[in-house]
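2 protein chains.
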Amino acid sequence: MSPAEFNQKITEIREDRVRGASELARGCLAVLAQAARELPAESVAEWQKRLLQLSADLAETRPSMTPVGNLLRRWNEGLAVDARSNLPVARRSAAGRAEGLIERSRRAVADCAAHAARLLGSGRPIMTHSFSSTVLETCRLLKDRELRMIVTESRPLEEGRRLAEQLSAWRVPTVYVTDAQMGLFVAEAAAVLVGADSVLADGAVLNKAGTYLLALAARERGVPFYVCCESFKRRAASDPPWVLEEMAATELGVPLWPEVTVRNVYFEVTPARLVSAWIDETGVRQSRENQ
Amino acid sequence: MSPAEFNQKITEIREDRVRGASELARGCLAVLAQAARELPAESVAEWQKRLLQLSADLAETRPSMTPVGNLLRRWNEGLAVDARSNLPVARRSAAGRAEGLIERSRRAVADCAAHAARLLGSGRPIMTHSFSSTVLETCRLLKDRELRMIVTESRPLEEGRRLAEQLSAWRVPTVYVTDAQMGLFVAEAAAVLVGADSVLADGAVLNKAGTYLLALAARERGVPFYVCCESFKRRAASDPPWVLEEMAATELGVPLWPEVTVRNVYFEVTPARLVSAWIDETGVRQSRENQ
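Heads up: the protein sequence lines correspond to chains A and B, in order.
Per the numbering used here, the first sequence runs over residues 1 to 291.
Per the numbering used here, the second sequence runs over residues 1001 to 1291.
Listed below in structure tokens is the structure:
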């Protein structure tokens, strides 16, 4: 694969509105695995330099998506060790490490979902917002245990459709509502379960716009609000400040009115005090307020 | 106009998704004014009976819309007095009363908006949800006083577009966001101003789905939440129970997934404790909690 083709991959990841943060992080690692094997280089030093540049470019594509940064940083750290070998060995080692991290990330998602499924139990109506692979995996684990789901459309791109379609294929009875109806329907849920793009050092959750509204309504209605994501999504207090990504205004599909600014901020912060419990691959951590 | 044509008018009002509650109430009164003049009848008694039936049919079209019931009830009450005259006089009197109520309703909206504009003052960013004629009139009064607006799209039919288009024509700088972004953008508003379909006896507000979420977010962000509507929208404690109208699922525009139920509840209740002040044609009533 040529450098131009790697640049094309970067563009695809930057513009991807379908895959969640963990999937995109694994996508970045897959690009690095391939680059480690194929990127033209005269020396190990050149190879290492080019890979670090590619990794930095990938990390910059999705600044709100913490697992991208976390997994790439983890991979970068091993590159100095890889580079102590000759080029063919270094290539194999770096590619193998990327694939190992992909596997660890996948297993972390599966373990999160297993903990979430255990916490939620059978026969419960669960509400979610947006599309999360971890929530989807939890639904898969509960689909034959009388799970019922309440799903929001999640404007602007309506990724709730993808979730509703899969739930329907699994024969999970599902209610599909506009985002504006979240306050009405959360009252019918036994719990809310959302994924996250990041969890901040204080437990606040960075997730798709609308999550904060759902958390507020859940608290008002006395419905527990659970956040389920693997620990690769945690940001340390020392990490660079997070950024709320804004996407193209055209996604809202409205005319260009001269005095109107169309805003399309994808992510927002839900403060830790609205979270009842955080679920990751190691288990469930209840909020102190609920203990 | 024939009875069939009056039935057609009833259908139009039932299916109207553009006009708000007050406009529809005036629409009903206009139908009654015309019916009072034109409905075929052999006697005053027959005329009165047919008008009461038509009024009942109109009232049933939009059970969530209190001004429809309130204004029609007000009109019905005078019909016994009209019916003491001969048919031509009764026709003129009943039609005149309907037109008088239309005028009173219009004036009440204008007076509400004047109070709201005074309360909000110049140069403030104001956020709203859905489309309200009273909010629109308030914007018209403030449009040359450095008003800025934040407008939600208001799924499923996106009546926020109509508002944004008008604000743009008035050269009011406007930010247009998805409903899911309400929690982010309310923090940039000096106040929230919404209309209402009804105000319940305890001060709770029946309005477009999403209003409750906006009120919750406004409280969290410390932004005052004002409700502006004329007193014809108040429900007495003795009124029949209110109904949350649900519209066609097709308005959400999603496929028919076998296991998925698409819900499209238009209205929801925002409890009085989330309202900072109620504005009607007589003035501003602050919430007790804010006094």
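We put the beta carbon where it would ideally sit given N, CA and C, even for glycine.
Residue-level contact by beta carbon holds for Ala-1180 of chain B and chain A, with a gap shorter than 8 angstroms. Secondary structure at Tyr-212 of chain A: helix, using DSSP grouped into helix, strand and coil.
Remark: C-beta atoms of Leu-29 of chain A and Leu-79 of chain A do not approach each other more closely than 8 angstroms. Only those residues of the region 250-269 of chain A whose C-beta falls short of 7 angstroms from the nearest C-beta of chain B are listed: Leu-252, Val-254, Trp-257, Pro-258, Glu-259, Val-260, Thr-261, Val-262, Arg-263, Val-265 and Glu-268.
The beta carbon of Glu-1281 of chain B lies closer than 6 angstroms to those of Ala-1108, Asp-1111, Cys-1112 and Glu-1230 in the same chain, with the five residues before and after it left out.
Around the beta-carbon of Asn-1086 of chain B, fewer than 16 other beta-carbon atoms lie within 10 Å, marking it exposed.
By the C-beta criterion, the region 156-170 of chain A is judged to be in contact with the region 130-142 of chain A, since at least 3 inter-stretch pairs fall below 8 angstroms.
The beta strand (DSSP E) runs of length 3 or more contained entirely in the region 144-211 of chain A are, from start to end of the chain, 148-152, 174-177, 191-194 and 205-208. Taking the C-beta atoms as reference points, Val-199 of chain A is found nearer than 8 angstroms to Arg-235 of chain A. Taken in chain order, the whole beta strand (DSSP E) runs of length 3 or more contained in the region 1259-1286 of chain B are 1260-1262, 1267-1270, 1277-1280 and 1283-1286.
Interface flag for Glu-246 of chain A against chain B is unset, since no Cβ pair is found closer than 8 angstroms. In the three-state DSSP reduction, Arg-1124 of chain B falls in the coil class, being neither helix nor strand.
In this structure Arg-1026 of chain B is not in contact with Ser-1093 of chain B, their Cβ atoms being roughly 19 angstroms apart against a cut-off of 8 angstroms. Residues of the region 1055-1067 of chain B whose Cβ lies closer than 7 angstroms to any Cβ of chain A: none. If you check the CB distance, Leu-32 of chain A and Leu-52 of chain A do not come in under 8 angstroms. Per DSSP, the unbroken beta strand (DSSP E) holding Val-227 of chain A starts and ends at 225-228. In terms of Cα proximity to Arg-1084 of chain B, the closest of B:Glu-1023, B:Glu-1046, B:Gly-1069 and B:Met-1247 is B:Glu-1046. Within the same chain, Cβ atoms closer than 8 angstroms to the Cβ of Arg-1263 of chain B are found at Glu-1246 and Ala-1249, the five residues on either side in sequence being excluded. DSSP places Glu-1046 of chain B inside the alpha helix (DSSP H), whose first and last residues are 1044-1061. Taken in chain order, the members of the region 1202-1213 of chain B whose beta-carbon sits within less than 8 angstroms of a beta-carbon on chain A are Lys-1208, Ala-1209, Gly-1210, Tyr-1212 and Leu-1213. Under the 10 Å beta carbon count, Gln-1008 of chain B is surrounded by fewer than 16 other beta carbons and is classified as exposed. Rounded to the nearest whole angstrom, the CA to CA distance from Ser-168 of chain A to Pro-271 of chain A is 32 angstroms. At least one beta carbon of chain A lies nearer than 8 angstroms to the beta carbon of Ser-1168 of chain B. Of all C-beta pairs linking the region 112-124 of chain A to the region 167-185 of chain A, fewer than three are shorter than 8 angstroms, placing the two stretches out of contact. With contact defined as three or more Cβ pairs closer than 8 angstroms, the region 216-224 of chain A and the region 52-69 of chain A are not in contact. Here Val-1260 of chain B is near Thr-174 of chain A, since their CB atoms are less than 8 angstroms apart. Counting along the chain, the unbroken alpha helix (DSSP H) around Val-1068 of chain B starts and ends at 1066-1082.
Secondary structure at Arg-1234 of chain B: strand, using DSSP grouped into helix, strand and coil. With 16 or more other CB atoms across the displayed protein chains lying within 10 angstroms of its CB, Arg-97 of chain A is buried. Bridge partners of Glu-1246 of chain B according to DSSP: B:Val-1265. Contact note: Tyr-1226 of chain B does not reach chain A at a C-beta cutoff of 9 angstroms; the least C-beta distance is about 19 angstroms. Annotation: Cβ neighbours of Gly-183 of chain A in chain B (cutoff 7 angstroms, chain order): Tyr-1212, Leu-1213 and Glu-1268. Here Asn-1207 of chain B is actually not in contact with Ala-1217 of chain B; their C-beta atoms are around 15 angstroms apart, not less than 8 angstroms.
Under a criterion of Cβ atoms nearer than 7 angstroms, the residues of chain B adjacent to Arg-161 of chain A are, in order, Val-1254.
By the rule that beta-carbons nearer than 8 angstroms mark a contact, Glu-153 of chain A touches chain B.
Contact between Phe-1232 of chain B and Pro-1003 of chain B does not hold, since the beta-carbon distance rounds to 28 angstroms and is not under 8 angstroms.
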